[in-house]
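Q:
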Amino acid sequence: MFVELLKMAEDAFGEDVVDHVLDNTDLEHNGVYTSVGNYPCSELVKIVDGFSEHSGLSPNVLQVKFGHWMLEHFAQNYSEFFTDKTGSFEMLEAIDQEIHVEVKKLYPDAELPRFATERMADNHLSMKYSSPRPLVGFCHGLIEACVEHFDEKASIARCPVAHDETSTKFDIKLES
10 MFVELLKMAE DAFGEDVVDH VLDNTDLEHN GVYTSVGNYP CSELVKIVDG
60 FSEHSGLSPN VLQVKFGHWM LEHFAQNYSE FFTDKTGSFE MLEAIDQEIH
110 VEVKKLYPDA ELPRFATERM ADNHLSMKYS SPRPLVGFCH GLIEACVEHF
160 DEKASIARCP VAHDETSTKF DIKLES
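Letter 145 of the sequence shown, counting from 1, is numbered 154 in the working numbering, and no numbers are missing.
(1) Buried or exposed, going by whether 16 or more other CB atoms sit within 10 Å of the CB of residue 73?
(2) Using only the alpha-carbon positions, how far apart do residue 54 and residue 156 sit?
(3) For residue 91, I'd like the list of residues in its chain whose CB is within less than 6 Å of its CB, leaving aside the five on either flank, ordered along the chain.
(4) Since residue 126 sits in a beta bridge, which residues does DSSP pair it with?
(5) Measuring CB to CB, does residue 138 end up less than 8 Å from residue 164?
(6) Please determine, among 60, 105, 140, the residue with the shortest C-alpha to C-alpha distance to residue 15.
(7) Return the chain-ordered ranges of every alpha helix (DSSP H) run that is complete within the segment 86-120 and spans a minimum of 4 residues.
(8) Tell me the rounded alpha-carbon separation between residue 34 and residue 93.
(9) Which two residues bound the contiguous alpha helix (DSSP H) that contains residue 21?
(10) With burial defined as no fewer than 16 other Cβ atoms inside 10 Å of the residue's Cβ, what is the status of residue 153: buried or exposed?
(11) Hey, how far is the Cα of residue 97 from the Cα of residue 38?
(12) Among the candidates 135, 143, 88, 170, whose CA atom is the shortest distance from the CA of residue 183?
(13) So what does DSSP say about residue 73, is it helix, strand or coil?
(14) Assign residue 183 to one of three DSSP states: helix, strand, or coil.
(15) Let's see if you can read the secondary structure: which residues bound the beta strand (DSSP E) around residue 64?
(16) Note the first and the last residue of the continuous alpha helix (DSSP H) segment covering residue 154.
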């Protein structure tokens, strides 16, 4: 995720801005990340905050944009997960049961978020996102981009889950 965040920021703001943010942010790994490394989420949040200060966009808006960026990355680099899906709901339902199973094979120590889904109607999916990491905006962006990937339109509402600070509920309703 770190490598892709920096690619997105370089595309949006330029290499000089990325270097400036990394140089002026207190990071344990000094802004040096690899695609196979495992880094604390707190560093990701610090980097997003740095780009927020530079751009004037809120951290939430940047996380949503990053969610869009990552869905495109996943679709290009892991197309096999998308090919047999007929719509966004099928794709979102496959995250825990299919995609994260494969991720765990490659990275057994990965601490992945949980996605519990329930079909409320043909056009309504309820998804509970659970993670101790403060990446709800990123998840929201992934959902939006997933809907767009399948050429669908939807309203997406999110709200915290009572008595569970680490979870957020998304209600996704496809529009006709």
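Cβ coordinates follow ideal geometry from the N, Cα and C atoms, glycine included.
A: By the coordinates alone:
(1) buried
(2) 25 Å
(3) 84
(4) 136
(5) No, Cβ-Cβ distance for residue 138 and residue 164 is not below 8 Å.
(6) Checking every option, the nearest Cα to that of residue 15 belongs to 60.
(7) 97-103, 109-115
(8) 42 Å
(9) 11-22
(10) buried
(11) 36 Å
(12) Checking every option, the nearest Cα to that of residue 183 belongs to 135.
(13) helix
(14) strand
(15) Boundaries around residue 64 are those of the alpha helix (DSSP H), 50-64, since no beta strand (DSSP E) includes it.
(16) 145-158
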